[in-house]
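Okay, structure first, notes after.
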Ligand code: UT7
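Residue numbers (the numbering used here): 1408 to 1737.
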């Protein structure tokens, strides 16, 4: 009898650009200060992709190359690329296609998935379906955003929060019961008004007027988003724990989206998890949107052990939110 097929993460890659935008530099750009940013958000610096003709796919190429090298496989072995991003290189073609071309994934099909800060968890769950169904053996799930391309560096409400970065994971079949165990994913479109980019889509196609009005920049009503984020992100982790009869003792790592240190702490507290079980690197990278969760895995990879129980959690624009329960496979 064939045992059940799970989709397991078998390799991780990551990349952040070199340029460090510190709170001190932001103090010279907008009316803000290091103390406010650190106490309200936990962020000290973020990375920015500088240079002409550089886009989100350029963040993904080094991440994917690192992943392939670690796993010891060629790009032509990839069956599918799901590129989770809210800052695609262009409206189309999909950044997944651009990435495939740049890394030589000539046998892969692919598409972009847009769920703002929950993008990576939506992509992970979607990608897992192709492994569990037996359709594919190697699915690449990439989460990356060049947030600096949609940030108004004159708006202190948003420019202190975001950074550029990208992480990628490989999903492969696992027959030992490891890998993705369960997920709860949610959306509520009525939250769209609090966090969005209005310009450049079919509602407000780019024009002189949309640019003059700044509609091509990320807009956020921070306080409203914060309230929902704290409640929903902590709530969905708790729901997934109850659904799988998990106590805090059963969980080795919380892998939270990195939007605000206070949201992360509230989620950890509600799940009963101490600081040393929570992955936090927001102080270095800020909010990289689809990149936060895979960049945490990238940084903590060496500490993870086969069989470890990971709870992922995210909340973001849409609103979208969710939690994924996964057992580490290597
Ligand atoms: O990842 C996608 C989901 N996004 C999130 O989860 C983000 C959720 N929201 C947040 O993390 C927080 O709401 C922010 C970090 C964005 C803002 O923190 P807050 O504690 O909610 O501050 P606030 O917006 O209530 O502003 C408090 C004060 C205001 O001044 P008054 O009205 O009290 O005089 C702001 O004008 O802080 C002021 N302020 C700033 N001061 C210095 C706002 N931004 C800044 C700034 N520097 N950058």
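From the three backbone atoms N, C-alpha and C, an ideal C-beta is built for every residue, glycine too.
CB residue i to CB residue j, shorter than 8 Å?
| i | j | result |
| --- | --- | --- |
| residue 1523 | residue 1724 | yes |
| residue 1730 | residue 1637 | no |
| residue 1539 | residue 1649 | no |
| residue 1689 | residue 1668 | yes |
| residue 1722 | residue 1728 | yes |
| residue 1472 | residue 1417 | no |
| residue 1697 | residue 1493 | yes |
| residue 1573 | residue 1557 | no |
| residue 1700 | residue 1569 | no |
| residue 1488 | residue 1517 | yes |
| residue 1595 | residue 1647 | no |
| residue 1673 | residue 1645 | no |
| residue 1605 | residue 1582 | no |
| residue 1726 | residue 1633 | no |
| residue 1490 | residue 1519 | yes |
| residue 1591 | residue 1414 | no |
| residue 1597 | residue 1658 | no |
Should residue i go down as buried or exposed, given a rule of 16 or more other Cβ atoms within 10 Å for buried?
| i | result |
| --- | --- |
| residue 1613 | exposed |
| residue 1630 | exposed |
| residue 1420 | buried |
| residue 1408 | Reliability of the predicted coordinates at residue 1408 is poor, the pLDDT of 49 falling under 50, and the value obtained from them is presented with this limitation in mind. Exposed, because fewer than 16 other Cβ atoms sit within 10 Å of the Cβ of residue 1408. |
| residue 1681 | exposed |
| residue 1535 | buried |
| residue 1671 | buried |
| residue 1423 | buried |
| residue 1600 | exposed |
| residue 1525 | buried |
| residue 1460 | exposed |
| residue 1610 | exposed |
| residue 1448 | buried |
| residue 1533 | buried |
| residue 1430 | buried |
| residue 1639 | buried |
| residue 1732 | buried |
| residue 1542 | exposed |
| residue 1615 | exposed |
| residue 1530 | buried |
| residue 1693 | buried |
Going by DSSP, which residues form a beta bridge with residue i?
| i | result |
| --- | --- |
| residue 1658 | Answer is none; residue 1658 lacks a bridge partner. |
| residue 1553 | 1571 |
| residue 1488 | 1517 and 1547 |
| residue 1590 | 1731 |
| residue 1585 | Paired residue(s): none; residue 1585 is not in a bridge. |
| residue 1416 | 1578 |
| residue 1603 | 1626 |
| residue 1455 | 1426 |
| residue 1716 | 1734 |
| residue 1685 | 1661 |
| residue 1721 | 1729 |
Could you pull out every residue in the same chain whose Cβ sits closer than 7 Å to the Cβ of residue i, ignoring the five residues on either side in sequence?
| i | result |
| --- | --- |
| residue 1397 | The first residue shown for the chain is 1408 and the last is 1737, placing residue 1397 beyond what the model contains. |
| residue 1464 | 1496, 1502, 1505, 1506 and 1509 |
| residue 1545 | 1484, 1485, 1486, 1577 and 1579 |
| residue 1559 | 1565, 1566, 1621 and 1624 |
| residue 1695 | 1552, 1554, 1570, 1571, 1572 and 1702 |
| residue 1482 | 1475, 1510, 1511 and 1512 |
| residue 1434 | 1440 and 1441 |
Whose C-beta lies closer than 6 Å to the C-beta of residue i among residues of the same chain, with five residues either side of it excluded?
| i | result |
| --- | --- |
| residue 1675 | 1661 and 1685 |
| residue 1555 | 1455 and 1571 |
| residue 1457 | 1426 |
| residue 1467 | 1506, 1549, 1551 and 1573 |
| residue 1428 | 1453 and 1455 |
| residue 1702 | 1421, 1572 and 1574 |
| residue 1499 | none |
| residue 1602 | 1627, 1632 and 1724 |
| residue 1708 | 1419 |
| residue 1711 | 1735 |
With a threshold of 8 Å on Cβ separation, who are the neighbours of residue i within its own chain once the five nearest residues in sequence on each side are excluded?
| i | result |
| --- | --- |
| residue 1714 | 1585, 1734 and 1735 |
| residue 1474 | 1418, 1419, 1420, 1547, 1575, 1576 and 1577 |
| residue 1651 | 1588, 1589 and 1732 |
| residue 1706 | 1421, 1686 and 1688 |
| residue 1432 | none |
Against chain C, does residue i count as a neighbour if the rule is that its beta carbon must be under 8 Å from one of theirs?
| i | result |
| --- | --- |
| residue 1588 | In summary, chain C is missing from the structure at hand, where a single protein chain is found. |
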